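The sequence shown begins at 1 in the UniProt record's numbering and counts up by one.
Every residue, glycine too, gets a C-beta built ideally from N, C-alpha and C.
Bear in mind that the values here come from a model prediction, so they are computed numbers and not experimental data.
Some notes on the structure that comes next.
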Amino acid sequence: MASTENKRGRQTARDMVLSLLVILLGAGFVYLLVPHDDSLDPVRPISYDVELVTARRAAPYPVAAPAGLPDTWRATSVSYKRQSDLGAVWHLGFMDPDDQYAAVEQSDGEPEKFVRGVTHGAEPADRTQTVGGEEWERYEGEKYDALVRRESGVTTVVTGTASFESLTRLAASLEAERAGGPEESGAPAGAGETGKPAETGAPGEN
1 MASTENKRGR
11 QTARDMVLSL
21 LVILLGAGFV
31 YLLVPHDDSL
41 DPVRPISYDV
51 ELVTARRAAP
61 YPVAAPAGLP
71 DTWRATSVSY
81 KRQSDLGAVW
91 HLGFMDPDDQ
101 YAAVEQSDGE
111 PEKFVRGVTH
121 GAEPADRTQT
131 VGGEEWERYE
141 GEKYDALVRR
151 ESGVTTVVTG
161 TASFESLTRL
171 AASLEAERAG
181 GPEESGAPAG
191 AGETGKPAET
201 GAPGEN
């Protein structure tokens, strides 16, 4: 009796192994039949037109977005939070032509806390960089570098893993506007609502 049970047990184990082999062979065959193109870009660009219009209507500051960037810059993320621990926050993320991350971040909250958060702790480099005739503070960090522009009522940060050359390109392309009404300016991100450059605050750590 025990011998019969042992034989059945061996047969059951063998059947399971054979079934598994059949499944694996079938899966491999299907994989070979499905065309694969390893050169396809894994990044899925998004459209942010609706979110931008919505944010420009809701935000208490002119919302910045790029104008004139080439198609090699691909938008990958967008959001606007009317209320948060960092104030009213606008975010627009991109992959640059070198497949590095670069983002536009804005807030009317506490500048030090905001910059520290969106740059993952980057530190002031004690130098400024002129972009489109305006001064931006330069930050450097282990994860992200950044260009920071402080104005009355809004802090604008261009940050990410991208090189400073790419961050500068993104910052130079920004136009800050409010949707509708006489206050809509179309001025660069570094300019106030009147279109005149606002004074840059003293460098600080966020």
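Secondary structure note for S173: it is in no beta strand (DSSP E), and the uninterrupted alpha helix (DSSP H) holding it is F164 to S173.
Here A103 is bridged, per DSSP, to G93 and T159. Counting only the Cα atoms, E165 lies some 11 angstroms from D98. Exclusion of the five residues before and after S79 leaves H91 as the residues of its chain whose Cβ lies within less than 6 angstroms of its Cβ. Looking at the backbone, the Cα of R138 and that of A171 are separated by about 12 angstroms.
When the Cα atoms are used, L167 and E112 turn out to be separated by approximately 20 angstroms.
The continuous stretches of alpha helix (DSSP H) do not include D145, which lies in the beta strand (DSSP E) extending over residues D145 to E151.
Counting along the chain, the unbroken alpha helix (DSSP H) around E112 starts and ends at P111 to V118.
Non-local beta-carbon contacts of I46 in its own chain, meaning distances under 8 angstroms to residues more than five positions away in sequence, involve A75, T76, S77 and V78 in chain order.
Separation of the CB atoms of P62 and A176 is rounded to 4 angstroms, and the pair is thereby assigned contact status at 8 angstroms. Judged by DSSP secondary structure, A75 falls within the beta strand (DSSP E) whose first and last residues are R74 to K81. Across the set V17, Q100, L174 and L18, the C-alpha of L174 shows the shortest separation from the C-alpha of Q106. In this structure, the CA atom of F114 is about 25 angstroms from the CA atom of D49. Inter-segment contact for the stretch 142 to 156 and the stretch 113 to 133 is present: three or more beta-carbon pairs are separated by less than 8 angstroms. Rounded to the nearest angstrom, the gap between the Cα atoms of L25 and L18 is 11 angstroms.
Contact between A102 and A162 holds: CB atoms are separated by about 4 angstroms, below the 8 angstroms threshold.
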